[in-house]
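Peer 1: Residue numbers (the numbering used here), protein chains in the order written: chain A, 454 to 714; chain B, 454 to 714; chain C, 454 to 714.
The C-beta atom is built at its ideal place from N, Cα and C for all residues, glycine as well.
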Amino acid sequence: MKTNGLVVMLTDFGEQDFYVGAMKGVIYKTFPQAKIESISHSVSKFNLRETAFTLFNSAKEFSKGTTFLVVVDPGVGTQRKEIVLQTENNLNFVAPDNGVLTLVAQEFGTKKIFEILSKRLGKSLSSTFHGRDIFAPVSAKISKGEKLDFLRKISRMKTLKIQKAKVRNGKIYGEILSIDSFGNCITNIPNNLLKNDFGRVLLTQIVDKKFSFKFSKTYGNSKKGDSLNLISSSDFLEFATNQGNFAKEFGIEIGMKVRVN
Amino acid sequence: MKTNGLVVMLTDFGEQDFYVGAMKGVIYKTFPQAKIESISHSVSKFNLRETAFTLFNSAKEFSKGTTFLVVVDPGVGTQRKEIVLQTENNLNFVAPDNGVLTLVAQEFGTKKIFEILSKRLGKSLSSTFHGRDIFAPVSAKISKGEKLDFLRKISRMKTLKIQKAKVRNGKIYGEILSIDSFGNCITNIPNNLLKNDFGRVLLTQIVDKKFSFKFSKTYGNSKKGDSLNLISSSDFLEFATNQGNFAKEFGIEIGMKVRVN
Amino acid sequence: MKTNGLVVMLTDFGEQDFYVGAMKGVIYKTFPQAKIESISHSVSKFNLRETAFTLFNSAKEFSKGTTFLVVVDPGVGTQRKEIVLQTENNLNFVAPDNGVLTLVAQEFGTKKIFEILSKRLGKSLSSTFHGRDIFAPVSAKISKGEKLDFLRKISRMKTLKIQKAKVRNGKIYGEILSIDSFGNCITNIPNNLLKNDFGRVLLTQIVDKKFSFKFSKTYGNSKKGDSLNLISSSDFLEFATNQGNFAKEFGIEIGMKVRVN
């Protein structure tokens with residue numbers, strides 16, 4: 454596998470406990486020249502969908518040979534596999550086989566998938582912290598360019614069903630995909646369905662709340678406190694309030710149904 | 454511009470979203486040998502004054518050639534410029550032109566200011582995420598020592614009006630500048646106005662609450678739970694409670710007026 | 454002292470202020486080739502016991518020559534010493550002498566203890582931010598391999614009394630040692646007292662709440678929402694709820710008494 458020596462972590466372990474520190478220790482012990490970075494350790498706990506979204510939107514900016522270490526793992530200790538995905542653009546992903554790699558596989562293309570034969574790592578394993586005992590050493594070995602005789606090629610991995618927006622009778626049906634720390638609400642409705650038709654007022658609905666906001670190219674055309682529709686930096690329809698928190702103001706949650714009339 | 458290969462980030466993007474990860478990806482893609490560090494991604498959202506204060510107090514410890522990437526950007530997508538500031542002590546700052554560089558310019562001295570001609574970066578730009586599309590690649594190029602033909606020298610940048618404390622009739626008038634995560638309340642009243650007169654009781658007032666605390670050199674002279682006045686590590690008068698949270702106990706907020714009688 | 458160039462930070466400074474950034478600046482200024490990592494900056498403020506636990510569980514994964522910079526320092530500015538501990542496994546620890554090194558000394562073995570003669574650092578010191586003014590430069594100098602003529606060997610350091618679990622009349626008496634961000638409650642009852650007797654129901658008590666949970670090797674044998682007893686990744690008896698938050702559900706706090714009947 455290609456490697457550039459960079460290991461990039463994404464977990465739901467939070468910032469306060471010893472878990473992230475222990476994983477970093479294992480990576481450096483295995484590969485002292487590693488460069489370790491983090492996307493986040495604060496994705497919502499056990500949220501596979503949010504992890505998949507955050508991973509894809511970060512990973513697409515990294516250069517080939519980067520190894521991503523993804524541990525959001527509600528099924529730790531069950532029979533779920535541990536896997537390595539190599540994508541067509543030569544990024545490496547180490548993760549539990551629970552769907553967190555759905556979007557990167559779909560968008561970058563699957564080159565190879567491997568199962569990790571963890572017994573060959575020659576280490577005693579805890580039952581509850583595979584981040585430290587399996588995923589961290591495997592990421593470090595890949596990043597170091599070691600012989601990977603603990604991997605076995607497989608043909609499939611689990612994927613999440615990620616709903617795509619649909620058009621019916623001229624209306625667009627989608628849902629809230631993600632809410633960021635600014636309270637911006639990102640939908641699964643891609644830019645191309647909206648035809649860059651900036652300037653007009655969009656008639657929208659989130660569950661049963663009806664909105665009519667200006668569809669704007671930037672915040673620049675709005676005043677502080679104005680709500681508006683934008684295209685997010687991930688290229689989807691977004692609901693936002695200029696310097697406010699749209700999600701809190703209107704009680705929006707992930708998964709809510711969205712309609713553009 | 455001088456460079457030591459170090460890129461230091463300061464944003465209000467929070468720790469949970471993909472934004473910081475995407476920016477790191479862009480930096481490494483542009484300059485694989487970069488060393489990336491973070492001051493914080495948790496300054497209060499859109500708070501230019503707090504950002505200016507946090508930036509100055511961190512930046513003064515770094516050595517010349519360090520490039521700071523500052524993205525607190527309520528005006529993203531408006532006509533505000535993107536700028537690069539080179540200070541007299543040879544630190545580089547990449548930021549929106551909204552005043553976040555006020556204190557570093559004032560305290561370190563302005564050597565040169567440049568406007569970023571973002572169209573010359575040869576990349577399609579989003580309207581809402583200039584951190585990824587402009588500030589990150591520019592920081593990486595400066596840190597890498599690339600030719601900077603996308604910069605145009607300008608003579609001025611925006612500055613925040615940061616109130617200085619005043620002395621009138623023997624009384625000192627100032628305000629609360631910053632509250633840290635310990636609840637310590639840092640004023641804009643500099644040490645030199647207080648003449649290191651440790652040991653005496655200071656008669657102070659925050660808005661209409663009157664206090665008489667011992668003016669102490671260290672926490673060492675107080676008991677757990679005692680409130681006191683200190684000189685902060687940023688060299689200003691500070692209100693604190695030993696192992697407590699002064700701001701919460703007394704309902705103090707940033708911007709409140711302070712008087713020393 | 455052995456060094457591998459890696460400086461690993463653990464503080465209670467939080468993520469939002471300038472403190473961590475300032476310390477990083479000092480480290481790089483002293484030792485530009487340093488590799489800086491963080492375990493956490495979010496341990497509970499002033500909590501020496503939690504810091505000792507988090508430090509030990511992370512540090513044991515790092516390789517020899519790593520220097521740990523630990524600043525949880527309720528006594529800053531008092532007469533408490535600043536110390537450096539070198540353990541038998543050749544890890545270096547720089548910290549206030551307040552007991553945060555208790556567990557690493559106990560578990561790794563004490564090789565040498567030094568007092569820091571801070572006046573020899575040749576720098577003006579603040580009274581409230583020894584992280585920046587003492588601990589950061591000392592960590593950097595150790596990591597760089599500089600001559601350490603500001604250290605004086607001493608024979609003792611302060612230790613915390615960390616209660617060990619006891620067995621009396623076939624019952625095990627312990628307490629809650631740590632609660633992680635998942636709400637898992639880790640006790641001080643070591644694995645070996647429970648004899649890997651997985652599968653049976655444990656009769657337990659936290660203060661006056663009585664529980665009978667299955668003692669499980671992994672989460673894999675439980676359903677979402679089930680509470681159970683496990684062996685934590687730090688090798689102690691743990692109370693957990695599968696994909697839930699045990700501590701919140703049952704109102705558990707650190708220090709509560711635990712009994713296994």
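Going along the chain, which residues of its own chain have a beta-carbon closer than 8 Å to the beta-carbon of A:Glu691, five neighbours each way excluded?
Peer 2: Counting from 1 along the first sequence, the entry for residue 691 of chain A is found at position 238. Only Asn637, Cys638, Ile639, Thr640, Asn682, Leu683, Ile684 and Ser685 meet the Cβ criterion.
Peer 1: Return the residues of the segment 454-469 of chain B that lie within a Cβ-Cβ distance of less than 8 Å from chain C, sorted by chain order.
Peer 2: Residues passing the 8 Å Cβ filter: Asn457, Leu459, Val461, Leu463 and Glu468.
Peer 1: For C:Phe666 versus C:Ser680, is the C-beta spacing smaller than 7 Å?
Peer 2: In the third sequence, residue 666 of chain C corresponds to position 213, counting from 1. In the third sequence, residue 680 of chain C corresponds to position 227, counting from 1. Contact flag set, yes.
Peer 1: Mind checking if B:Thr563 is an interface residue toward chain A, Cβ cutoff 7 Å exclusive?
Peer 2: Here residue 563 of chain B refers to the residue found at position 110 of the second sequence. No, its Cβ sits nowhere closer than 7 Å to a Cβ of chain A.
Peer 1: Using CA atoms only, rank isn't needed, just tell me which of A:Asn457, A:Asn543 and A:Arg609 is closest to B:Tyr481.
Peer 2: Start at 1 with the first residue of the second sequence, and residue 481 of chain B comes out as number 28. Considering only alpha carbons, the answer is A:Asn457.
Peer 1: Would B:Gly474 pass as a contact of A:Ile492 if the rule is Cβ separation under 7 Å?
Peer 2: The sequence position of residue 474 of chain B within the second sequence is 21, counting from 1. The sequence position of residue 492 of chain A within the first sequence is 39, counting from 1. Taking 7 Å as the Cβ cut-off, B:Gly474 and A:Ile492 qualify as a contacting pair.
Peer 1: Taking the continuous alpha helix (DSSP H) assigned at A:Ala589, which residues delimit it?
Peer 2: Translated into the one-based positions of the first sequence, residue 589 of chain A becomes position 136. Looking at the DSSP string, the run of the alpha helix (DSSP H) that includes A:Ala589 is Ala589 to Lys597.
Peer 1: If contacts are defined as beta-carbon pairs under 8 Å, then C:Met462 and C:Ile536 qualify, I think. What distance do you get, rounded to the angstrom?
Peer 2: Here the question's residue 462 of chain C lines up with position 9 in the third sequence. Here the question's residue 536 of chain C lines up with position 83 in the third sequence. So it is not a contact: roughly 17 Å between Cβ atoms.
Peer 1: Does A:Pro673 come out as helix, strand or coil in the three-state DSSP assignment?
Peer 2: Counting from 1 along the first sequence, the entry for residue 673 of chain A is found at position 220. First, the residue type needs correcting, since residue 673 of chain A is Gly and not Pro in the sequence shown. Looking at A:Gly673 - three-state DSSP - the assignment turns out to be helix.
Peer 1: State yes or no: is the beta carbon of C:Lys670 nearer than 7 Å to at least one beta carbon in chain A?
Peer 2: Against the third sequence, residue 670 of chain C aligns to sequence position 217. Chain A contact via Cβ: present.
Peer 1: Helix or strand or just coil, what does DSSP make of B:Leu574?
Peer 2: Indexing the second sequence from 1 puts residue 574 of chain B at position 121. Of the three classes helix, strand and coil, the one that applies to B:Leu574 here is helix, per DSSP.
Peer 1: Measure the alpha-carbon distance for A:Leu630 versus A:Asp470 and round it to whole angstroms.
Peer 2: Counted from its first residue, the first sequence places residue 630 of chain A at position 177. Counted from its first residue, the first sequence places residue 470 of chain A at position 17. Computed Cα separation, rounded: 28 Å.
Peer 1: With 7 Å as the threshold, decide whether the Cβ of A:Glu599 is near any Cβ in chain B.
Peer 2: Residue numbering aside, residue 599 of chain A sits at position 146 when the first sequence is read from its first letter. Not one chain B Cβ lies under 7 Å of A:Glu599.
Peer 1: Please check the pair B:Lys710 and B:Val660, which I expect to be a contact at CB under 8 Å, by giving their CB distance rounded to whole angstroms.
Peer 2: Counting from one through the second sequence, the residue named residue 710 of chain B turns up at place 257. Counting from one through the second sequence, the residue named residue 660 of chain B turns up at place 207. Yes, they are in contact, since the Cβ atoms of B:Lys710 and B:Val660 sit about 6 Å apart, within 8 Å.
Peer 1: Quick one: grab the DSSP three-state call for A:Asn641.
Peer 2: Counted from its first residue, the first sequence places residue 641 of chain A at position 188. The answer is strand: DSSP assigns A:Asn641 an E or B state.
Peer 1: Going along the segment 525-552 of chain B in order, which residues come within less than 8 Å of chain A, judged by CB to CB distance?
Peer 2: Within the segment 525-552 of chain B, the qualifying residues are Pro527, Gly528, Val529, Gly530, Thr531 and Gln532.
Peer 1: Could you tell me whether the Cβ atoms of B:Thr483 and B:Ala593 are closer together than 7 Å?
Peer 2: Residue mapping note: residue 483 of chain B aligns to position 30 of the second sequence, counting from 1. Residue mapping note: residue 593 of chain B aligns to position 140 of the second sequence, counting from 1. Yes; because the gap between Cβ atoms is below 7 Å, this pair is in contact.
Peer 1: Is there a Cβ from chain B that is less than 7 Å from the Cβ of A:Ser592?
Peer 2: Reading the first sequence from its first residue, position 139 is the one you call residue 592 of chain A. Chain B contact via Cβ: absent.
Peer 1: Are the C-beta atoms of C:Gly474 and some chain B residue less than 7 Å apart?
Peer 2: Locating residue 474 of chain C in the third sequence gives position 21, where the first residue counts as 1. Yes, C:Gly474 lies at the interface with chain B (some Cβ there is under 7 Å from its Cβ).
Peer 1: Would DSSP call C:Lys482 helix, strand or coil?
Peer 2: The residue labelled residue 482 of chain C in the question sits at position 29 within the third sequence. C:Lys482 falls in the helix class under three-state DSSP.
Peer 1: Would you call A:Glu514 buried or exposed, if buried means 16 or more other Cβ atoms sit within 10 Å of its Cβ?
Peer 2: Here the question's residue 514 of chain A lines up with position 61 in the first sequence. Label assigned to A:Glu514: buried.
Peer 1: Using a beta-carbon distance cut-off of less than 9 Å, what residues from the segment 628-639 of chain B approach chain C?
Peer 2: Answer set for the segment 628-639 of chain B: Ser631, Asp633, Ser634, Phe635 and Asn637.
Peer 1: Tell me whether A:Ser511 is buried or exposed, calling it buried when 16 or more other Cβ atoms sit within 10 Å of its Cβ.
Peer 2: What you label residue 511 of chain A is simply residue 58 of the first sequence in a count that begins at 1. Under this definition A:Ser511 is a buried residue.
Peer 1: Our contact map puts A:Ile642 next to A:Phe689 with C-beta atoms below 8 Å; I'd like the distance itself, whole angstroms only.
Peer 2: Numbered from 1 along the first sequence, position 189 holds the residue referred to as residue 642 of chain A. Numbered from 1 along the first sequence, position 236 holds the residue referred to as residue 689 of chain A. Yes, A:Ile642 and A:Phe689 are in contact; Cβ-Cβ is about 6 Å, under 8 Å.
Peer 1: Would you mind reading off the limits of the beta strand (DSSP E) that contains B:Ala618?
Peer 2: Here residue 618 of chain B is taken as the residue at index 165 of the second sequence, counted from 1. That residue, B:Ala618, is in no beta strand (DSSP E); it is neither H nor E in DSSP.
Peer 1: Give the residues of chain F in contact with C:Lys482, contact being defined as C-beta atoms less than 7 Å apart.
Peer 2: The displayed structure is made up of protein chains A, B and C, and chain F is not among them.
Peer 1: If you reduce the DSSP assignment to three classes, tell me which class B:Met462 lands in.
Peer 2: On the second sequence, residue 462 of chain B is found 9 positions in, with the first residue counted as 1. Three-state DSSP puts B:Met462 in a strand.
Peer 1: Who are the neighbours of A:Asn510 on chain B, taking C-beta pairs under 9 Å?
Peer 2: Numbered from its first residue, the first sequence carries residue 510 of chain A at position 57. Those are Asp470, Phe471, Tyr472, Gly474 and Ala475, listed as they occur along chain B.
Peer 1: Report yes or no: do the segment 553-566 of chain C and the segment 601-621 of chain C share at least 3 C-beta pairs separated by less than 8 Å?
Peer 2: Yes, the segment 553-566 of chain C touches the segment 601-621 of chain C.
Peer 1: Under DSSP, the beta strand (DSSP E) around A:Thr540 begins and ends at which residues?
Peer 2: Here the question's residue 540 of chain A lines up with position 87 in the first sequence. Taken as a continuous stretch (DSSP letters only), the beta strand (DSSP E) holding A:Thr540 covers Glu535 to Thr540.
Peer 1: Which residues, taken in chain order from the segment 491-502 of chain B, show a beta carbon closer than 7 Å to some beta carbon of chain A?
Peer 2: Answer in chain order: Lys498 and Phe499.
Peer 1: Assign B:Leu570 to one of two classes, buried (16 or more other C-beta atoms within 10 Å of its C-beta) or exposed (fewer than that).
Peer 2: Within the second sequence, numbered from 1, the residue matching residue 570 of chain B stands at position 117. Result: exposed.
Peer 1: Would you verify that the beta carbon of C:Gly673 is, or is not, closer than 7 Å to some beta carbon of chain A?
Peer 2: To locate residue 673 of chain C, count along the third sequence from 1; it is residue 220. So, interface residue.
Peer 1: Taking any Cβ of chain B, which residues in the segment 676-709 of chain A have a Cβ under 7 Å from it, in chain order?
Peer 2: Cβ contacts with chain B come from Leu683, Ser685, Ser686 and Gln696.
Peer 1: Any C-beta of chain B sitting closer than 7 Å to the C-beta of C:Gly478?
Peer 2: Translated into the one-based positions of the third sequence, residue 478 of chain C becomes position 25. Interface residue, yes.
Peer 1: Residues in the same chain with beta-carbon distance under 8 Å from A:Glu541, minus the five sequence neighbours each way, listed in chain order, please.
Peer 2: Looking up residue 541 of chain A in the first sequence gives position 88. Closer than 8 Å at Cβ, skipping near neighbours: Phe561, Gly562, Thr563 and Lys564.
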